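Take -9 as the starting number for the sequence shown in this note's numbering and just add one per residue.
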Amino acid sequence: MTNTNSDNSREWAEQAYALLKKKQEEQKQELIKQEEQKQELIKQEEQKEYLIDSLNTENVPGPIKTIDETELGEFDDNFTWSAMVLAAQGKEIDQISIDEIDWLTKLRRGLEETRKGFVTELLDKLGDDPLTPESLDDLETLLIRADVGIDSTDKVISSLRKKLNEEVVGGEAGIKFLKKELKLIIDKPIKNSGIDLLVPQKGKLNVWLLVGVNGVGKTTTLGKLAYLSSRSNYKTLIAAADTFRAAAVEQLKVWGERSNVDVISNQSKNADPAAVVFDAINSAKKRNVDLLLVDTAGRLQTKNNLMDELAKIKKIIDKKVPEAIVESLLVLDASQGQNGLKQAKSFAKSANLSGAIITKLDGTSRGGVSLAVSEEVNLPIRFIGAGEGIKDLRPFNSYEFVEALLADK
Ligand SMILES: Nc1nc2c(ncn2[C@@H]2O[C@H](COP(=O)(O)OP(=O)(O)OP(=O)(O)O)[C@@H](O)[C@H]2O)c(=O)[nH]1
Ligand SMILES: [Mg+2]
């Protein structure tokens, strides 16, 4: 999987684990020291009995800083695999974090069902023997079954067939070639967009609209994005433009509190989503916000078309802040497979989309739909979600995705 010798990579993983363990231990010791100092100060203050009532809390250090990072787990196969994926991308040993390891582990685990459906079976079928035209037929069936889509499958199979006509391809080489082909498919719309990694542009107002049918994970994804953004020091604001669901604003406020981001909303019944966006833009301009995240409805209370409503929101943004950088991101639930692909096609026709976010990659057997979205809807995938927690969303990385999808165990 890597261009490094895998024994070296394992050694690298061992060293990375030891370094992370040491860092975590130092961090813990630091926190214990802070706590002891705080207790000592409180004791000193208490000893001055005349001060007991007016204990000057300003002299007491603030709340104990908690470790933001996830706890380091065991040095197991998950750690080793994740560290090897990071190493293969040229990461230095002291550049990796427990969060990154944790995410890759989650992604690989999340794609397990999809993988079971075809890679495991494929490897069983192939064994160590060279690929044959029959094994390509098997691969074709397995790819279709994993919701990779007909177009992507055709592309991959015909490339493999061509290669087979030219040379003998062993099982391992076949998998390597397959990974390369799948990555090419996913990378194409990303390359075409001219933006490898979507981040807010500093010094401008960036407006990211999250759109999609109901229940796909728009609000949850927005909450996770708010966390990522504020953690990366972008001044962030949320617009609660889903005025259909009464609980939507409350749901957003919880996410806002968790990530320390304000939410602009209008609690009145049947509030106009475009009016909420209007208020949010005013607020964003006043506060010099870098990123305004807009939650939209998956269903409407009126007979208005969802697309018309989105167009109205866009019009307000264009009118009020024509200089803003607007991203319309379609949120897709991977577990919906081909149905999700249909949604993507119909949104793409009328909603002027600029990217996709794939959610619920944990525990679905249809993770392959990400390839169909790239190939058939030509949308760059910008983020992927694999869990309901605040850290369970990361910028999309095609290398990591394909490695996790085709990890052999
Ligand atoms: N397992 C898992 N669940 C997720 C993920 N993302 C969202 N969910 C869950 O999906 C459900 C629906 O999520 P919402 O964020 O409310 O979806 P929505 O698109 O905003 O829904 P509407 O506002 O009704 O259109 C919730 O129970 C979320 O916790 C994910 O990546 N993995
Ligand atoms: Mg919602």
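The beta carbon of each residue, even a glycine, is placed where N, CA and C say it ideally should be. If you're wondering where the values come from, they're calculated on a predicted model, not measured in any experiment.
For residue i versus residue j, is the C-beta distance shorter than 8 Å?
i	j	result
A229	A270	yes
I348	L322	yes
T354	A397	no
W2	I83	yes
V251	T210	no
G288	V158	no
V120	G160	Looking at the sequence shown, residue 120 is not Val but Pro. Cβ distance < 8 Å, so P120 and G160 count as in contact.
K194	A314	yes
K96	G375	no
A394	R98	yes
L132	E111	yes
E130	S149	no
CB-CB under 8 Å to residue i, same chain, minus the five flanking residues each way: which ones, in chain order?
i	result
G345	S183, L188, E317, S318, L319, L320, L369, P370, I371, R372
I54	Residue placement at I54 cannot be trusted, given a pLDDT of 45 that sits under 50; what the coordinates show is reported in the next sentence. Contacts found: L21, Q24, E25, K28.
I57	Residue confidence for I57 is low, a pLDDT of 43 falling below 50, so the modelled location carries little weight and cannot support an answer.
K208	L200, V201, G202, D232, D285, T286, G288, V321
Whose C-beta lies closer than 7 Å to the C-beta of residue i among residues of the same chain, with five residues either side of it excluded?
i	result
A231	P263, V266, V267, V284, D285, T286, I303
A341	V201, M297, L300, S318
V138	G358, L361, A362
S273	L227, I254
At the level of alpha carbons, what is the spacing between residue i and residue j?
i	j	result
L361	K214	23 Å
P385	G107	25 Å
K11	I165	34 Å
I185	I175	16 Å
G357	W93	16 Å
N(-7)	T70	Legend: pLDDT at N(-7) = 44, less than 50; position of this residue unreliable, value from coordinates given subsequently. The straight-line gap from Cα to Cα measures roughly 16 Å.
A136	K275	45 Å
G327	T104	11 Å
I254	L126	54 Å
A216	K153	45 Å
K309	V197	13 Å
S72	K173	18 Å
P179	E102	25 Å
R221	V279	14 Å
K339	R151	34 Å
G52	V367	In this prediction, G52 has a pLDDT of 48, which is less than 50 and means its spatial position is unreliable; nothing more can be read from the coordinates.
A236	E30	49 Å
T483	S258	Absent from the model: residue 483. The displayed extent of the chain is -9 to 399, so no value can be given.
V50	R248	With a pLDDT of 48 at V50, under the threshold of 50, the modelled position of this residue cannot be trusted; read the value that follows with caution. Distance between the alpha carbons of V50 and R248 is about 25 Å.
N387	L76	11 Å
N260	E240	16 Å
G330	A8	42 Å
F337	L343	7 Å
S219	Q5	31 Å
Tell me the DSSP bridge mates of residue i?
i	result
A230	D285
I374	I348, R384
V253	I228
S318	L199
K141	Checking the sequence shown, residue 141 turns out to be Asp, not Lys. Answer by DSSP bridge pairing: none, since D141 is not bridged.
D323	T349
Whose CA, out of the options, lies closest to the CA of residue i?
i	options	result
G100	D280, D352, Q328, G207	D352
D382	I134, A334, T60, A163	T60
L199	N68, L282, L97	L282
L168	P179, K192, K81, T143	T143
V206	Q19, A77, Q333	Q333
E365	Q79, I140, T110, L133	I140
V244	V311, E4, E390, G379	G379
W389	N223, K181, D177, A238	The sequence shown places Tyr at residue 389, rather than the Trp named in the question. The candidate whose alpha carbon is nearest that of Y389 is D177.
Using a Cβ-Cβ cutoff of less than 6 Å, which residues in the same chain neighbour residue i once the five nearest sequence positions on both sides are dropped?
i	result
N256	V266
N155	none
A238	D232
N68	T95
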